[in-house]
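**Student:**
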Amino acid sequence: LSDIRARHSPRAIGLVGIGGQGNHMDAPYGLGFLRALGSRRWFNAFAQEKTQHCLMDQCMFDASPATYLHADQRNARFLLVLGTNPRISNRGHNATETFKGFVEDPLHTLVVVDPRETETTRGAHRHLRVRPGTDAYLLLALAATIVRRGLVDETFVDEKTRDFARLAEALAAVDVDEMARRCGIEPAAVVETATGFAEAESAAIFYDLGVEQTPFSTLISYLIRVLLSLTGNVGRPGGNVFFETILVPEPWRPREPERALASGIPAIAALGNFAMFSPTLVPEEVLLDHPERLRALIVEGSNPFLSYSDTARWREARERLEPLVVVEPAMTETARAADYVLPTPVGYEKWEFANFPKGYPEIFVQVRPPVVPGPAEALPEPEIYARLGEAMGLFGDPPAALHDLAAAALEPEGAMPFLAAAQELTATDGIAKERLLFWTYRVLGPHLRSPALAAFWLQCHLNAMLRLPSVLRTLGPDWQARSPFEVAAELFRRILDHPEGVEIARLAEDTNLEDHLGFDDGRIRLVPEPMLAEIARAVASPPAQDASFPFVLAAGLRTRWTANTIQRDPAWRKGRGPHCALNLSPADARDLGVRDGDRLRVATRRGAVTLPAQIDPKLLPGHVWMPNGFGMIHDGMLANQNELTDSAERDPFTGIPHHRYVLCSLERSGDGTDRPQSRTAPTAL
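Numbering (the working numbering), first residue to last: 352 to 1036.
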């Protein structure tokens, strides 16, 4: 790594992964190591799904990258659900009970938009059964209807937004009847939904992968925020509100973003103040002819050969990587192709941290101790990054003065001199924050239950200093006169005393919008560039079709019997199989002459796999799906969806792939001789 950094560029080294499966303990250390290298090439699974929302929140609200705009579904009177089946995928707060109660209450309305009939649509007051990949057209029609019928919250728009006239002019070009036709629904359903949403006492939009990994996904994210803004349902109880986590929203905003060398797609700041790229971009960044192309990858907590778009392209890129380093507890499909595998303990064997924004207005944190010992040669991720950085000479040795101060630093009266000295001693160059983290890890670590907790100790002090009003809402009035160091010590104590999770702060509900609008004039930007051009592009572009690939595959749906690829052993799956089948409608099954269990060859422009057929009466003709989490090198693990996906089929602003809109063909497969095409391991294996 040092040699590549010296001969080529720090940008030639990239990091893929971080923060997998409900453990984010690795993130400050992995990203700190990458920053200290001088690289900003971080590719994360979040950027394969959701960075368009962060981009729009920053463009429209100047919101911090550490915040999330999410539906306050517990308090919403009207809930519009897009691209998700939360009663199965467990999205939101206690999804099963929340949605059950929502439907049973006569004062609430639940409208679900989904091409399929699902557990959630069956309980909805209205099911808008749009065709696959047409969500952008529906949202355009809803926005145009609200404007044309005078359903806009004029007071909110006048006081809290700017450029409404330009938006209204763009929406005037939207033919609502044509948009409804593209969606396969009646125009009256659009009008009814738009009217109900705009006139409700409060309304929220709940969304997930179905509208994120689909054509026009950034436009969809923008239109969601337009609908909320036009009706005054953003930043208020019962609407969509800004959530936060333990990461303090800093006033700092990203400067000119790092851009992908091949496509020019920018890294987008999300989950904090470090920008990330979609992993869909990695292969072309390796294969590019450029002096700073990616030459070395560290893959941690991730399995790109299985989890990311276009496995064939990843195999091709592997041949041009100099070192591929995998940090993993399992010998995954990607690890098998690596030059180095650095083993790390599994979740039960190490300290872990979950940073999901669950709950509102509370901010919860969960830090979990290990429950069983791990193998001696397996090192926690923070230790791996610390050793790599030290071996490369990135940080230098912590001064003796810090070692002397560390013994008393866990007490409030000792924390202040330690942090003051640490800040002074680390501020010698552009990696002061990174050096502070790793020096604290080394000198304070021996005094903690685990050195990895050093990052939390620092975060507790940031919360006490920069988020004190929210913290005091949780701690209570008795803490008003305490010093920030006393408050930080109390937060740290509570976190460690509550491995089940604990509230550390509480947001102000009545000023949610004002607290997260960063623009000096306090106004939402309704027409960030280049969204007006994107509206025009969508209006001019009906859904993509190809006579050679007449079916639309939703690749990677969640079911009760799927898990992400960290679950290696398929033996946990019970019940009737097959668990990895190609689901198709009864009409399509009749046309193809297949019955349940018959083998089907599924082909796209990128590859083919063979799967057993499963007839699903809840599907529209022409719409098929397969589950996520399969294709591993185990008996019975069947096909990897990413043998079918194309890294070129992606959003132009973010690089997020169109996994929910993959054009494919189907044909009966006789003896299964084409099954090797579903392999995920490199050909050399």
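All C-beta atoms, glycine included, are put in the ideal place defined by N, C-alpha and C. In this text the structure is predicted, and so the values were computed from the model without any measurement.
(1) Restricting to Cα atoms, I'd like to know which of Pro-602, Gly-623, Gly-590, Arg-644 is closest to Arg-610.
(2) What is the DSSP secondary structure of Leu-799, counted as helix, strand or coil?
(3) Can you tell me where the alpha helix (DSSP H) with Arg-844 in it begins and where it stops?
(4) DSSP has Thr-460 in a bridge; who is on the other side?
(5) Give me the Cβ distance between Leu-858 and Ser-899, rounded to the nearest whole Å; I'm assuming they're in contact under 8 Å.
(6) Closest to Val-599 by C-alpha separation, out of Glu-607, Leu-622, Leu-578, would be which residue?
(7) Using the C-alpha atoms, what's the distance from Lys-709 back to Gly-589?
(8) Report yes if the CB atom of Asp-486 is closer than 9 Å to the CB atom of Ala-549, and no otherwise.
(9) Report the three-state DSSP secondary structure of Thr-1031 (helix, strand or coil).
(10) Reducing DSSP to helix, strand and coil, say where Ser-1016 ends up.
(11) Is the beta carbon of Asn-374 closer than 9 Å to that of Ala-705?
(12) Strictly by DSSP, which residues pair up with Glu-609?
(13) I'd like the ranges of any alpha helix (DSSP H) spanning at least 4 consecutive residues and lying wholly in the region 483-525.
(14) Report the residue from Gly-1021, Ala-806, Phe-707, Asp-661 whose alpha carbon sits nearest the alpha carbon of Pro-379.
(15) Tell me whether Gly-589 sits in a helix, a strand or coil according to DSSP, three-state version.
(16) So Val-716 is in the beta strand (DSSP E); what residue range does that whole segment cover?
(17) Alpha carbon to alpha carbon, what distance is there between Phe-625 and Asn-395?
(18) Is it true that the CB of Gly-434 sits closer than 9 Å to the CB of Arg-1011?
(19) So, at 8 Å on beta carbons, what are the nonlocal neighbours of Trp-702 in its own chain, with the 5 sequence-adjacent residues on each side left out?
(20) In angstroms, rounded to a whole number, what distance separates the CA positions of Ala-392 and Leu-632?
(21) When the Cα atoms are used, what is the spatial distance from Ala-524 to Val-890?
(22) Contact check, Thr-916 vs Ser-658 under 8 Å by CB: the rounded distance?
(23) Is it a yes or a no for the region 966-980 touching the region 928-944, going by three-plus beta-carbon pairs under 8 Å?
(24) Ordered along the chain, which non-local residues of its own chain (more than five positions away) have a Cβ less than 8 Å from that of Ser-629?
(25) From the DSSP output, in three-state form, read off Trp-808 for me.
(26) In three-state terms, what does DSSP make of Glu-703?
(27) Take Met-350 and list the residues in its own chain whose beta-carbon comes closer than 8 Å to its own, dropping the five residues that flank it on each side.
(28) Helix, strand or coil: which one does DSSP assign to Leu-753?
(29) Do you know how far the Cα of Met-743 is from the Cα of Ser-353?
(30) Going by C-alpha to C-alpha distance, which of Glu-552, Val-716, Arg-919 sits closest to Gln-810?
(31) Let me know the secondary structure DSSP gives Gln-409 once reduced to three states.
(32) Per DSSP, what are the beta-bridge partners of Tyr-419 in this structure?
(33) Residues bridged to Thr-447 by DSSP?
(34) With DSSP as the reference, label Gly-368 as helix, strand or coil.
(35) Go ahead and label Phe-870 buried or exposed: buried means 16 or more other beta carbons lie within 10 angstroms of its beta carbon, across all protein chains shown.
(36) Please confirm whether Phe-593 and Leu-864 have their CB atoms less than 9 Å apart.
**Tutor:** Taking the coordinates as given:
(1) Reading the sequence shown from its first residue, position 259 is the one you call residue 610. Of the listed residues, the one whose Cα sits closest to Arg-610 is Arg-644.
(2) Residue mapping note: residue 799 aligns to position 448 of the sequence shown, counting from 1. Of the three classes helix, strand and coil, the one that applies to Leu-799 here is coil, per DSSP.
(3) On the sequence shown, residue 844 is found 493 positions in, with the first residue counted as 1. Unbroken alpha helix (DSSP H) run through Arg-844: 835-848.
(4) Position 109 of the sequence shown holds residue 460. Phe-429.
(5) To locate residue 858, count along the sequence shown from 1; it is residue 507. To locate residue 899, count along the sequence shown from 1; it is residue 548. Rounded, the Cβ-Cβ distance is 52 Å, inconsistent with contact.
(6) In the sequence shown, counting from the first residue as 1, residue 599 sits at position 248. When only C-alpha atoms are compared, the closest one is Leu-622.
(7) Indexing the sequence shown from 1 puts residue 589 at position 238. Indexing the sequence shown from 1 puts residue 709 at position 358. Roughly 16 Å between the two C-alpha positions.
(8) Taking the sequence shown and counting its residues from 1, the one referred to as residue 486 is at position 135. Taking the sequence shown and counting its residues from 1, the one referred to as residue 549 is at position 198. Not a contact, by the Cβ cut-off of 9 Å.
(9) Counting from 1 along the sequence shown, the entry for residue 1031 is found at position 680. Annotation note: pLDDT 34 at Thr-1031 (below 50); position unreliable, coordinate value reported separately. In the structure shown, Thr-1031 sits in coil (DSSP, three-state: anything other than H, G, I, E or B).
(10) Taking the sequence shown and counting its residues from 1, the one referred to as residue 1016 is at position 665. Three-state DSSP puts Ser-1016 in a strand.
(11) Taking the sequence shown and counting its residues from 1, one reaches residue 705 at position 354. Taking the sequence shown and counting its residues from 1, one reaches residue 374 at position 23. Yes; because the gap between Cβ atoms is below 9 Å, this pair is in contact.
(12) The sequence position of residue 609 within the sequence shown is 258, counting from 1. Answer is none; Glu-609 lacks a bridge partner.
(13) 486-499, 505-511, 515-522
(14) On the sequence shown, residue 379 is found 28 positions in, with the first residue counted as 1. Looking at the Cα atoms, Ala-806 is the closest of the given residues.
(15) Residue mapping note: residue 589 aligns to position 238 of the sequence shown, counting from 1. Residue state, collapsed to three classes: coil.
(16) As a working note, residue 716 is residue 365 in the sequence shown. Taken as a continuous stretch (DSSP letters only), the beta strand (DSSP E) holding Val-716 covers 713-719.
(17) Indexing the sequence shown from 1 puts residue 395 at position 44. Indexing the sequence shown from 1 puts residue 625 at position 274. Roughly 11 Å between the two C-alpha positions.
(18) In the sequence shown, residue 1011 corresponds to position 660, counting from 1. In the sequence shown, residue 434 corresponds to position 83, counting from 1. Cβ distance < 9 Å, so Arg-1011 and Gly-434 count as in contact.
(19) Translated into positions along the sequence shown, residue 702 becomes position 351. So the qualifying residues of the chain are Met-376, Val-718, Arg-719, Pro-720, Pro-721, Pro-731, Arg-800, Ser-801, Ala-803, Leu-804.
(20) Locating residue 392 in the sequence shown gives position 41, where the first residue counts as 1. Locating residue 632 in the sequence shown gives position 281, where the first residue counts as 1. Per the sequence shown, residue 392 should be read as Arg rather than Ala. Distance between the alpha carbons of Arg-392 and Leu-632 is about 11 Å.
(21) Residue 524 sits at position 173 when you count from the first residue of the sequence shown. Residue 890 sits at position 539 when you count from the first residue of the sequence shown. Cα-Cα distance, rounded: 8 Å.
(22) Sequence index remark: in the sequence shown, residue 916 carries index 565 (1-based). Sequence index remark: in the sequence shown, residue 658 carries index 307 (1-based). The C-beta distance from Thr-916 to Ser-658 rounds to 6 Å, short enough to fall under 8 Å.
(23) yes
(24) Against the sequence shown, residue 629 aligns to sequence position 278. Close CB contacts of Ser-629 within its chain, under the 8 Å cut and outside five residues either way in sequence, are with Phe-394, Ala-398, Gln-399, Thr-402, Ile-616, Arg-1001, Thr-1005, Gly-1006, Ile-1007, Pro-1008 (chain order).
(25) Indexing the sequence shown from 1 puts residue 808 at position 457. Looking at Trp-808 - three-state DSSP - the assignment turns out to be helix.
(26) Numbered from 1 along the sequence shown, position 352 holds the residue referred to as residue 703. Of the three classes helix, strand and coil, the one that applies to Glu-703 here is strand, per DSSP.
(27) Shown here, the chain extends from 352 to 1036; a query on residue 350 therefore has no answer.
(28) As a first step, residue 753 must be located in the sequence shown, where it is residue number 402. Helix.
(29) Looking up residue 353 in the sequence shown gives position 2. Looking up residue 743 in the sequence shown gives position 392. For Ser-353 and Met-743, the distance between alpha carbons rounds to 6 Å.
(30) Working through the sequence shown from its first residue, we reach residue 810 at position 459. That would be Val-716, whose Cα lies nearest to the Cα of Gln-810.
(31) The residue given as residue 409 occupies position 58 in the sequence shown. Note: Gln-409 maps to helix in three-state DSSP.
(32) The residue given as residue 419 occupies position 68 in the sequence shown. According to DSSP, which records beta bridges pairwise, Tyr-419 is partnered with Phe-594.
(33) One-based indexing of the sequence shown puts residue 447 at position 96. The partner list for Thr-447 (beta bridge, DSSP) is empty, contrary to what the question assumes.
(34) As a first step, residue 368 must be located in the sequence shown, where it is residue number 17. Looking at Gly-368 - three-state DSSP - the assignment turns out to be strand.
(35) For the purposes of this step, residue 870 is taken as the residue at position 519 of the sequence shown. Phe-870 should be labelled exposed.
(36) Indexing the sequence shown from 1 puts residue 593 at position 242. Indexing the sequence shown from 1 puts residue 864 at position 513. Yes.
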